[in-house]
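Since the structure comes first, as structure tokens, the remarks are kept for the end.
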Amino acid sequence: MNRRDLLKWVSGLLGTASALLMGVPGIAYVLADVFRRRPSQATVQRVARLSDLKPGRPVQVGVVGSRRDAWTVYPDEVIGHVWLVRRDTDPASDAAADKQPTVAAFTSVCPHLGCTIGLDATGRRFVCPCHRAEFALDGQRVGNGNHAPRAMDGLECRLVRDDDADDWWVEIAYEKFERGLTRKVRRA
Ligand code: FES
1219 MNRRDLLKWV SGLLGTASAL LMGVPGIAYV LADVFRRRPS QATVQRVARL
1269 SDLKPGRPVQ VGVVGSRRDA WTVYPDEVIG HVWLVRRDTD PASDAAADKQ
1319 PTVAAFTSVC PHLGCTIGLD ATGRRFVCPC HRAEFALDGQ RVGNGNHAPR
1369 AMDGLECRLV RDDDADDWWV EIAYEKFERG LTRKVRRA
């Protein structure tokens, strides 16, 4: 290899290296986004009996799980709260699905900055005490100038039959989500 070829080879190598270095932040960003979207370890738990819920009357329940603080694991701590909203059935409807009770579950963590969402005095609207973001019982934002960037974060929720008690349990999958974003992203 003569001197000219050697210089060409070295400059090509340097160009490739600098292109790779410039691309690293972009690659890291894409990988971080993919990583963030991976299925999280949700805490699946039965939190209430269906018979204890009244249609249109939200009820807040605690979720118990283990919490890790550095090297210490605290089992059986309250790790979050969830709002449950039983929906009215429609006995006049011909559709079988309309006659079945359903329950919606929302984390009580405000999607704005993470304060705990409560109920207003009427019990018909959710409200965050920190910046007064308001939400309807289906979790959607209401009102002008709402600080919340998105609706309340809904959780997976299903009814599980308890034959012994002749009742149904409400089972939820509790997860946490990033705050301040317009879309719902699971926390790693
Ligand atoms: S933290 Fe809920 S509105 Fe700001």
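Residues in the sequence shown are numbered from 1219 upward in steps of one, following the numbering used here. Glycine included, every Cβ here is placed at the ideal spot set by N, Cα and C.
Answer yes or no: the CB of H1330 versus the heavy atoms of the ligand FES, is any distance below 7 Å? Reading the sequence shown from its first residue, position 112 is the one you call residue 1330. Under cutoff, so the answer is yes.
With a threshold of 8 Å, are at least 3 pairs of Cβ atoms found where one atom belongs to the stretch 1282 to 1297 and the other to the stretch 1339 to 1346? no
How long is the line joining the alpha carbons of D1380 and G1363, rounded to whole angstroms? Along the sequence shown, one-based indexing puts residue 1380 at 162. Along the sequence shown, one-based indexing puts residue 1363 at 145. About 44 Å.
Please go through the same chain and pick out, in chain order, the residues whose beta-carbon is closer than 6 Å to the beta-carbon of E1407, but skip the five residues on each side of it. Nothing about residue 1407 can be reported from this structure: the residues present for the chain run from 1219 to 1406 only.
Is G1398 buried or exposed, if buried means 16 or more other CB atoms sit within 10 Å of its CB? Residue numbering aside, residue 1398 sits at position 180 when the sequence shown is read from its first letter. Counting Cβ neighbours within 10 Å, G1398 comes out exposed, since fewer than 16 surround it.
Indicate the three-state DSSP secondary structure (helix, strand or coil) for D1270 in the structure shown. The count along the sequence shown starts at 1 and reaches residue 1270 at position 52. DSSP places D1270 in helix when its eight states are reduced to three.
One question on the structure: do Q1263 and E1389 come within less than 8 Å of each other, judged by their Cβ atoms? Within the sequence shown, the letter at position 45 stands for residue 1263. Within the sequence shown, the letter at position 171 stands for residue 1389. Yes, the pair counts as a contact, with Cβ atoms nearer than the cut-off.
Secondary structure of P1243, DSSP reduced to three states: As a working mapping, residue 1243 is identified with position 25 in the sequence shown. Low local confidence applies: a pLDDT of 47 at P1243 is under 50, so the model's placement there is unreliable, with the coordinate-based value given in what follows. Helix.
Alpha carbon to alpha carbon, how far is R1304 from P1347? Taking the sequence shown and counting its residues from 1, one reaches residue 1304 at position 86. Taking the sequence shown and counting its residues from 1, one reaches residue 1347 at position 129. Going by the C-alpha atoms only, they are around 23 Å apart.
Any heavy atom of the ligand FES closer than 7 Å to the Cβ of C1348? For the purposes of this step, residue 1348 is taken as the residue at position 130 of the sequence shown. For the ligand FES, at least one heavy atom lies less than 7 Å from the Cβ of C1348.
CA nearest to the CA of L1331, picked from V1300, K1272, R1368, T1261: One-based indexing of the sequence shown puts residue 1331 at position 113. The residue with the shortest Cα to Cα distance from L1331 is R1368.
Please classify V1327 as buried or exposed, where buried requires at least 16 other C-beta atoms within 10 Å of its C-beta. As a first step, residue 1327 is located in the sequence shown; it is residue number 109 there, counting from the start. Buried, because 16 or more other Cβ atoms sit within 10 Å of the Cβ of V1327.
Nonlocal neighbours in the same chain, by C-beta distance under 7 Å from S1269, ignoring five residues either side: For the purposes of this step, residue 1269 is identified with residue 51 of the sequence shown, where counting begins at 1. D1385, listed in sequence order.
Which whole-angstrom value is the C-beta distance of L1377 and P1276, which I expect to be below 8 Å? Sequence index remark: in the sequence shown, residue 1377 carries index 159 (1-based). Sequence index remark: in the sequence shown, residue 1276 carries index 58 (1-based). Their Cβ separation, rounded to whole angstroms, is 17 Å, which puts L1377 and P1276 out of contact at 8 Å.
Could you give the first and the last residue of the continuous beta strand (DSSP E) run that contains L1373? Here residue 1373 refers to the residue found at position 155 when the sequence shown is read from its first residue. Looking at the DSSP string, the run of the beta strand (DSSP E) that includes L1373 is 1372 to 1380.
So V1203 packs on V1265, CB below 8 Å; how close in whole Å? Because the chain in this structure spans residues 1219 to 1406, residue 1203 falls outside the shown range and cannot be described.
Please classify P1325 as buried or exposed, where buried requires at least 16 neighbouring CB atoms within 10 angstroms. For the purposes of this step, residue 1325 is identified with residue 107 of the sequence shown, where counting begins at 1. Residue identity check: residue 1325 is Thr in the sequence provided, not Pro. Looking at its Cβ environment, which holds 16 or more other Cβ atoms inside 10 Å, T1325 is buried.
Taking a contact to mean a Cβ-Cβ separation below 8 Å, would you say R1405 touches K1394 in this structure? Numbered from its first residue, the sequence shown carries residue 1405 at position 187. Numbered from its first residue, the sequence shown carries residue 1394 at position 176. A contact, by the Cβ cut-off of 8 Å.
Does at least one heavy atom of the ligand FES sit under 7 Å from the Cβ of H1365? For this step, residue 1365 is matched to residue 147 along the sequence shown. Indeed, a heavy atom of the ligand FES lies less than 7 Å from the Cβ.
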